[in-house]
Amino acid sequence: MTDRVPWLLKNSSIRSNIVLSFGFSFVFANFMNFMSMFMLSAFPYLAELQIYGLYLSQFIPMVSAVFFILSFFILTHPIIKEVVALESAIDTISDGDFNHRIPPMHLIELKMFSLQVNSMVEHIQDQIANERESESAEKEWIEQVINELHTPLDAIIRNLGMLKRHSYQSEEDHVQIVHETYTAAYELRKLINDLSQYARLSSH
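Using our numbering, you'd call the opening residue of the sequence shown number 121 and step up by one each time.
Quick look at the structure:
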């Protein structure tokens with residue numbers, strides 16, 4: 121919408137705009153009717169003119185009706201323009217463009233509606249941003265846990281390999297390897313339990 125707003129639209133309702141437009145159009149049509157009658161009375165020979173077999177005076181009601189319709193259309197055009205702009209903006213937003221906003225409206229009903237829609241769109245946009253941040257944080261946490269799984273798993277594989285090959289020099293080394301393997305297995309179980317608990321919570 122441009123900054124140049126028709127004076128009828130400024131902080132007024134649709135109903136008052138239509139009533140005023142109808143009133144102005146009615147007055148204007150009657151004024152043109154009066155002027156036409158005045159011209160015919162001032163120049164009597166005009167009343168004798170015929171167009172398609174009809175006297176010129178017989179066209180006056182039709183001319184008045186045309187002036188009424190044209191003036192009413194011109195005066196209500198800004199209302200139609202705002203409604204079309206609102207409809208276009210809503211279509212754009214409904215297509216998924218949540219960065220789009222309804223332009224400023226000047227009719228009271230449309231202004232309140234546009235503010236509510238824009239507020240709702242901003243709320244949805246904030247929710248989407250929060251969900252994306254949450255998903256990103258969850259993804260980072262899962263990647264971190266997966267990386268942490270490698271440490272105890274590698275230790276278990278290494279220690280079991282040493283036990284299998286009898287790669288230890290004393291009974292104390294054997295006990296130490298078994299203890300380290302048990303500790304790594306316990307840590308691995310804890311990480312797996314954390315992942316299982318997260319999976320259960322995410323499913324609800």
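Ideal placement from N, C-alpha and C gives every residue a C-beta, glycine not left out.
Determine, using beta carbons only, whether residue i and residue j come nearer to each other than 9 Å.
i: A304; j: N267; result: no
i: L321; j: V265; result: no
i: V241; j: H220; result: yes
i: I200; j: F218; result: no
i: F180; j: S161; result: The amino acid at residue 180 is misidentified as Phe; the sequence shows Ile. Their beta carbons are not under 9 Å apart, which means I180 does not touch S161 by this criterion.
i: A209; j: S184; result: no
Does DSSP put residue i in a helix, in a strand, or in coil?
i: S132; result: strand
i: G281; result: helix
Would you mind giving the Cβ-Cβ distance between residue i and residue j, rounded to the nearest angstrom? I have them listed as a contact below 8 Å.
i: E202; j: L230; result: 6 Å
i: N238; j: I228; result: That belief does not hold up - the Cβ atoms of N238 and I228 are roughly 16 Å apart, past 8 Å.
i: H294; j: Y288; result: 5 Å
Starting from residue i and walking both ways along the alpha helix (DSSP H), at which residues does that stretch end?
i: H197; result: I180 to S214
Just to check, is the beta-carbon of residue i closer than 8 Å to a non-hydrogen atom of the ligand GTP?
i: Y302; result: The ligand GTP is not part of the structure shown, which contains no ligands of any sort.
Three-pair Cβ contact test at 8 Å for the segment 181–200 versus the segment 136–155 | Result yes; three or more Cβ-Cβ pairs closer than 8 Å.
On the three-pair Cβ rule with 8 Å, is the segment 281–288 touching the segment 253–260?
-> no
Does the segment 268–277 touch the segment 305–313, meaning 3 or more C-beta pairs lie closer than 8 Å?
-> yes
Specify whether the segment 139–152 and the segment 179–190 touch according to this definition: at least 3 beta carbon pairs, one from each stretch, less than 8 Å apart.
-> yes
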